[in-house]
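A.B. asks: The structure's right below; bear with me while I get my questions together.
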Amino acid sequence: MTRMRGAEALVRTLESADVRYLFGYPGHGNMNILDALHTGRSPIEFKLTRHEQAAASIADGYARVSGTPGICTASVGPGVMNLMVGIGSAAAASSPVVAIGGGVMQRFAGRGQLQESHQSERGAEPTFVPAFAPITKLATQIPANNLVPEVVRHALVVARSGRPGPVYVEYPWDLQAESHEYSDADFVPPPPAATTRPDRASLLAATAVLSSSRHPVIVAGNGAVLARATDEILELGRLLGAPIATSQTGKGAVPEDDPLSVGVIGWHGTPVAHELLREYADVVLVLGFRFSDLATNNWTEGKPFVRENRFIQVDIEADEIGRKHPVEVALVGDVRETVRDLIEALRSATPVDRTEWLDLVQRTKAAFVLDVPETTHPDGLEPMPVIRELRAALPANAIVASDTGDHQHYFGTGPYPALRGGRFLNPGQWTPCGFAPVAVIGAKLAAPSVPCVAVTGDGGFMMVLQEVATAVEWGTPVVWLVFDDRTLSAIRGGQLSAYDGHVIGVDFENPIDFVKAAQSMGALGVRPTDYAGVGDAIRDAIRSDRPTVISVPITKDKTPPPEAGQWYDPERRETQPLLRGNPQLSRRELAGTSG
Ligand SMILES: Cc1ncc(C[n+]2csc(CCOP(=O)(O)OP(=O)(O)O)c2C)c(N)n1
Ligand SMILES: [Mg+2]
Numbered sequence: 002m003t004r005m006r007g008a009e010a011l012v013r014t015l016e017s018a019d020v021r022y023l024f025g026y027p028g029h030g031n032m033n034i035l036d037a038l039h040t041g042r043s044p045i046e047f048k049l050t051r052h053e054q055a056a057a058s059i060a061d062g063y064a065r066v067s068g069t070p071g072i073c074t075a076s077v078g079p080g081v082m083n084l085m086v087g088i089g090s091a092a093a094a095s096s097p098v099v100a101i102g103g104g105v106m107q108r109f110a111g112r113g114q115l116q117e118s119h120q121s122e123r124g125a126e127p128t129f130v131p132a133f134a135p136i137t138k139l140a141t142q143i144p145a146n147n148l149v150p151e152v153v154r155h156a157l158v159v160a161r162s163g164r165p166g167p168v169y170v171e172y173p174w175d176l177q178a179e180s181h182e183y184s185d186a187d188f189v190p191p192p193p194a195a196t197t198r199p200d201r202a203s204l205l206a207a208t209a210v211l212s213s214s215r216h217p218v219i220v221a222g223n224g225a226v227l228a229r230a231t232d233e234i235l236e237l238g239r240l241l242g243a244p245i246a247t248s249q250t251g252k253g254a255v256p257e258d259d260p261l262s263v264g265v266i267g268w269h270g271t272p273v274a275h276e277l278l279r280e281y282a283d284v285v286l287v288l289g290f291r292f293s294d295l296a297t298n299n300w301t302e303g304k305p306f307v308r309e310n311r312f313i314q315v316d317i318e319a320d321e322i323g324r325k326h327p328v329e330v331a332l333v334g335d336v337r338e339t340v341r342d343l344i345e346a347l348r349s350a351t352p353v354d355r356t357e358w359l360d361l362v363q364r365t366k367a368a369f370v371l372d373v374p375e376t377t378h379p380d381g382l383e384p385m386p387v388i389r390e391l392r393a394a395l396p397a398n399a400i401v402a403s404d405t406g407d408h409q410h411y412f413g414t415g416p417y418p419a420l421r422g423g424r425f426l427n428p429g430q431w432t433p434c435g436f437a438p439v440a441v442i443g444a445k446l447a448a449p450s451v452p453c454v455a456v457t458g459d460g461g462f463m464m465v466l467q468e469v470a471t472a473v474e475w476g477t478p479v480v481w482l483v484f485d486d487r488t489l490s491a492i493r494g495g496q497l498s499a500y501d502g503h504v505i506g507v508d509f510e511n512p513i514d515f516v517k518a519a520q521s522m523g524a525l526g527v528r529p530t531d532y533a534g535v536g537d538a539i540r541d542a543i544r545s546d547r548p549t550v551i552s553v554p555i556t557k558d559k560t561p562p563p564e565a566g567q568w569y570d571p572e573r574r575e576t577q578p579l580l581r582g583n584p585q586l587s588r589r590e591l592a593g594t595s596g
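Residues 2 to 596 (the working numbering) are what the sequence shown spells out, left to right.
Here it is, written out as structure tokens:
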């Protein structure tokens with residue numbers, strides 16, 4: 002038995018799980034934990050950010066890329082509340098993040114201590130745990146020191162098991178400093194992550210439906226990315242003769258230059274995928290995809306799904322299946338394991354010739370031509386060629402994180418195909434401004450040899466600008482490609498279309514010089530003014546191996562991104578068909594003959 006402070010037991014538990022970094026910001030609420038790293042000569046490195054939100058999003062970026070939990074910590078009261086925006090995106094993206102917050106002293110709880118919640122004096126729980134409940138898988142407290150290893154280990158297991166997600170653990174700071182007897186057995190590592198696979202009967206049912214399908218389509222969501230199932234999904238697509246679409250968060254689940262890839266569905270998705278699903282698909286196999294409003298244009302018929310689509314849904318969470326859309330077959334399991342099982346089962350089924358279908362898929366793809374405007378406006382460049390330059394300057398395996406705003410919308414069906422081995426991180430359904438510029442730092446720590454670029458609006462960048470200094474301090478050479486349009490473009494565009502042409506509260510009258518800001522923090526800063534210059538700046542930044550801000554002047558008068566539908570106003574725009582007149586193959590003609 003060893004006597005140690007509770008904070009040291011917490012650190013030892015994290016060490017037993019091979020945690021490498023603790024991202025965070027100190028205060029009296031977590032000072033003991035930081036000290037335990039020091040006195041215990043812990044191999045865990047404390048990484049100081051400039052704001053707790055950044056610590057949470059860096060942990061998120063790290064977790065997404067490393068596939069292991071990202072850990073962050075904050076003090077108490079305002080410190081832990083500052084974590085919330087970052088934890089929200091980890092929840093939306095099913096990212097395994099464990100946030101360790103300090104709690105007020107237990108022995109004075111409810112008396113209005115420093116940084117205690119105002120309402121706990123009036124009988125509310127003297128903790129911030131309830132505030133985290135809506136944005137975590139589990140929000141809990143360490144109630145006593147004998148339970149430190151158990152609660153922390155449980156948090157790690159919950160964060161990465163099933164559908165992963167963030168966990169908040171609050172630890173009262175008086176308990177952190179008190180000692181307790183622990184044995185080595187208290188610090189056993191968490192068990193390896195378990196995978197789940199579907200039952201035999203459902204697999205057979207799915208195989209029967211897929212085999213009888215004439216026009217199968219696969220739709221891969223974020224669950225496919227999390228399961229790292231690229232090879233399996235491509236193999237299944239080839240075996241079935243099925244085109245593969247993804248959601249925006251599923252982008253990159255398969256390489257978008259593969260002949261079977263038909264791109265992203267949803268608001269800023271591609272008309273190709275929409276047309277195939279709407280006009281022809283009989284069976285739709287969805288993999289780790291949750292039918293979000295963005296992907297389905299607010300669950301609108303025809304955008305892209307239609308009533309005649311027959312769904313087979315694969316999800317790691319049983320209660321997600323059939324929830325927003327009726328499904329014919331439910332397969333509960335990890336996407337990779339389930340797709341492997343489907344491949345095996347389909348191998349022994351009678352093969353179906355789907356040459357005609359695949360030919361139609363290729364013709365529909367060929368009919369869609371992305372128009373990339375080359376114009377240079379007096380106030381700046383167009384987004385699409387800038388993103389095309391980004392793609393051309395990066396290797397296939399690069400990691401790109403996109404922030405929230407108009408700049409993000411060009412990544413659906415824009416000139417940035419996701420390629421094999423790369424990652425595309427986005428803020429998911431929580432979609433906060435200020436995610437990408439910091440998540441990219443965590444991504445780079447997890448994949449130091451891979452170029453990591455955040456594409457961000459000026460608005461979102463300014464929310465977390467100070468973290469450029471963090472990346473410089475850590476020697477983490479990320480690239481920020483800032484779309485400097487001196488406005489909150491996404492909101493501006495919404496105002497222009499909704500309110501008879503006026504805008505309010507969106508334009509920055511006193512814009513920041515991002516080059517000087519970068520240089521003042523020790524980063525490189527450049528401002529290319531033409532398209533070729535953007536590509537050169539990205540290549541130079543990667544070669545320099547130093548944190549670099551590339552501030553690109555972008556016009557306010559930008560060509561809108563391609564759309565496959567709408568989100569907030571599903572009726573506003575009708576997608577024109579790409580291919581007309583193929584009655585023999587159209588799903589409507591086939592209704593009744595396709596089983
Ligand atoms: C934290 C947060 N606050 C507000 C919003 C609402 N919002 C969505 S897009 C957007 C505009 C972002 O502007 P910018 O970062 O400059 O990107 P742009 O649209 O100009 O490309 C805003 C304010 C949000 N998503 N997150
Ligand atoms: Mg902007």
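C-beta: ideal position from N, C-alpha, C; glycine also.
Return helix, strand or coil for residue 15, following the three-state DSSP convention.
C.D. replies: Residue 15 falls in the helix class under three-state DSSP.
A.B. asks: Does residue 380 pass the burial test, meaning 16 or more other C-beta atoms within 10 Å, or should it be called exposed?
C.D. replies: It is exposed - the Cβ of residue 380 has fewer than 16 other Cβ atoms within 10 Å.
A.B. asks: Using 8 Å as the cut-off, can you tell me whether the segment 324-344 makes contact with the segment 190-210, which would need three or more C-beta pairs spanning the two stretches below that distance?
C.D. replies: Yes, the segment 324-344 touches the segment 190-210.
A.B. asks: When the Cα atoms are used, what is the spatial distance from residue 597 to residue 152?
C.D. replies: Limits of the chain in this structure are 2 at one end and 596 at the other, which puts residue 597 out of reach.
A.B. asks: Rounded to a whole number of angstroms, what is the C-alpha to C-alpha distance between residue 317 and residue 421?
C.D. replies: Roughly 24 Å separates the two Cα atoms.
A.B. asks: According to DSSP, simplified to helix, strand and coil, what is residue 618?
C.D. replies: The first residue shown for the chain is 2 and the last is 596, placing residue 618 beyond what the model contains.
A.B. asks: What span of residues does the alpha helix (DSSP H) with residue 461 cover, start to end?
C.D. replies: First-last of the alpha helix (DSSP H) with residue 461: 459-464.
A.B. asks: Would you call the CB atoms of residue 296 and residue 314 closer than 8 Å?
C.D. replies: Going by C-beta atoms, residue 296 is not nearer than 8 Å to residue 314.
A.B. asks: What do you reckon, is the C-beta of residue 84 under 7 Å from a heavy atom of ligand 1?
C.D. replies: Checking the Cβ of residue 84 against ligand 1 gives no.
A.B. asks: When DSSP labels each residue in this structure, what does residue 110 get in the three-state scheme?
C.D. replies: Looking at residue 110 - three-state DSSP - the assignment turns out to be coil, as it is neither helix nor strand.
A.B. asks: Report the three-state DSSP secondary structure of residue 1 (helix, strand or coil).
C.D. replies: Outside the displayed range of the chain (2 to 596) lies residue 1, so it cannot be described from this structure.
A.B. asks: Pick from 80, 49, 187, 544: whose alpha carbon is nearest that of residue 15?
C.D. replies: The shortest Cα separation from residue 15 among 80, 49, 187, 544 belongs to 187.
A.B. asks: Using the Cβ count rule (16 or more neighbours within 10 Å means buried), how would you classify residue 39?
C.D. replies: Looking at its Cβ environment, which holds fewer than 16 other Cβ atoms inside 10 Å, residue 39 is exposed.
A.B. asks: Applying the criterion that 16 or more other CB atoms from any shown protein chain within 10 Å of the CB defines a buried residue, is residue 523 buried or exposed?
C.D. replies: Its Cβ having fewer than 16 others within 10 Å, residue 523 is exposed.
A.B. asks: Going by beta-carbon coordinates alone, are residue 362 and residue 263 separated by less than 8 Å?
C.D. replies: Yes, the pair counts as a contact, with Cβ atoms nearer than the cut-off.
A.B. asks: On the CB-based measure, 16 or more other CB atoms within 10 Å of its CB, does residue 505 come out buried or exposed?
C.D. replies: Exposed, because fewer than 16 other Cβ atoms sit within 10 Å of the Cβ of residue 505.
A.B. asks: Measuring straight from C-alpha to C-alpha, what distance separates residue 89 and residue 136?
C.D. replies: C-alpha separation (whole angstroms): 5 Å.
A.B. asks: Taking 8 Å as the threshold (C-beta atoms), are residue 538 and residue 551 in contact?
C.D. replies: It is a contact, given that the beta carbons lie within the stated cut-off.
A.B. asks: Any idea what DSSP makes of residue 125, helix, strand or coil?
C.D. replies: Three-state result, residue 125: coil.
A.B. asks: Rounded to whole angstroms, how far is the Cβ of residue 402 from the Cβ of residue 469, which I believe are closer than 8 Å?
C.D. replies: No, residue 402 and residue 469 are not in contact; Cβ-Cβ is about 15 Å, not under 8 Å.
A.B. asks: Near residue 594, what residues of its chain come up, given a Cβ to Cβ distance below 6 Å and the 5 sequence neighbours on each side ignored?
C.D. replies: Caution applies to residue 594, whose pLDDT of 43 falls short of 50 and renders its modelled position unreliable; the model cannot decide the point.
A.B. asks: Go through its chain and collect everything with a Cβ distance to residue 579's Cβ below 8 Å, but skip five positions before and after it.
C.D. replies: Once the five neighbours on either side are set aside, the close Cβ partners of residue 579 are 272, 273, 276, 365, 368, 369.
A.B. asks: In chain order, what residues of the same chain have a beta carbon less than 6 Å from the beta carbon of residue 143, not counting five sequence neighbours either side?
C.D. replies: So the qualifying residues of the chain are 149, 152, 172.
A.B. asks: For residue 22 and residue 71, what's the separation of their Cα atoms in angstroms?
C.D. replies: Taking the straight line joining both Cα atoms gives about 8 Å.
A.B. asks: Would you give the residue range spanned by the beta strand (DSSP E) that residue 424 belongs to?
C.D. replies: Residue 424 -> beta strand (DSSP E) spans 424-426.
A.B. asks: Of the choices 492, 511, 513, 245, whose alpha-carbon is the least far from that of residue 503?
C.D. replies: The residue with the shortest Cα to Cα distance from residue 503 is 492.
A.B. asks: Across the segment 283-300 and the segment 216-226, are there enough close Cβ pairs to call them in contact, namely three or more that are closer than 8 Å?
C.D. replies: With the cut-off at 8 Å, the segment 283-300 and the segment 216-226 touch.
A.B. asks: Contact between the segment 385-396 and the segment 24-40: three or more CB pairs below 8 Å?
C.D. replies: No, they do not touch.
A.B. asks: Since residue 161 and residue 194 are thought to touch, with beta carbons under 8 Å apart, how far apart are those beta carbons, to the nearest angstrom?
C.D. replies: The pair is a contact, with the Cβ atoms about 5 Å apart (cut-off 8 Å).
A.B. asks: Which whole-angstrom value is the C-beta distance of residue 265 and residue 168, which I expect to be below 8 Å?
C.D. replies: So it is not a contact: roughly 30 Å between Cβ atoms.
A.B. asks: For residue 500, is the classification buried or exposed, using 16 other Cβ atoms within 10 angstroms of its Cβ as the cut-off for buried?
C.D. replies: By the neighbour-count rule (16 or more Cβ atoms within 10 Å), residue 500 is not buried but exposed.
A.B. asks: Please state the DSSP three-state secondary structure of residue 489.
C.D. replies: If DSSP states are grouped into helix, strand and coil, residue 489 belongs with coil.
A.B. asks: What span of residues does the beta strand (DSSP E) with residue 24 cover, start to end?
C.D. replies: Unbroken beta strand (DSSP E) run through residue 24: 22-25.
A.B. asks: To the nearest angstrom, how far is the alpha carbon of residue 20 from that of residue 344?
C.D. replies: Near 36 Å, if we compare the C-alpha coordinates of residue 344 and residue 20.
A.B. asks: By the three-class DSSP mapping on this structure, what secondary structure does residue 142 have?
C.D. replies: In the structure shown, residue 142 sits in a strand (DSSP, three-state: E or B).
A.B. asks: To the nearest angstrom, report how far apart residue 484 and residue 350 are at their CA atoms.
C.D. replies: If you take the alpha carbons of residue 484 and residue 350, they lie about 51 Å apart.
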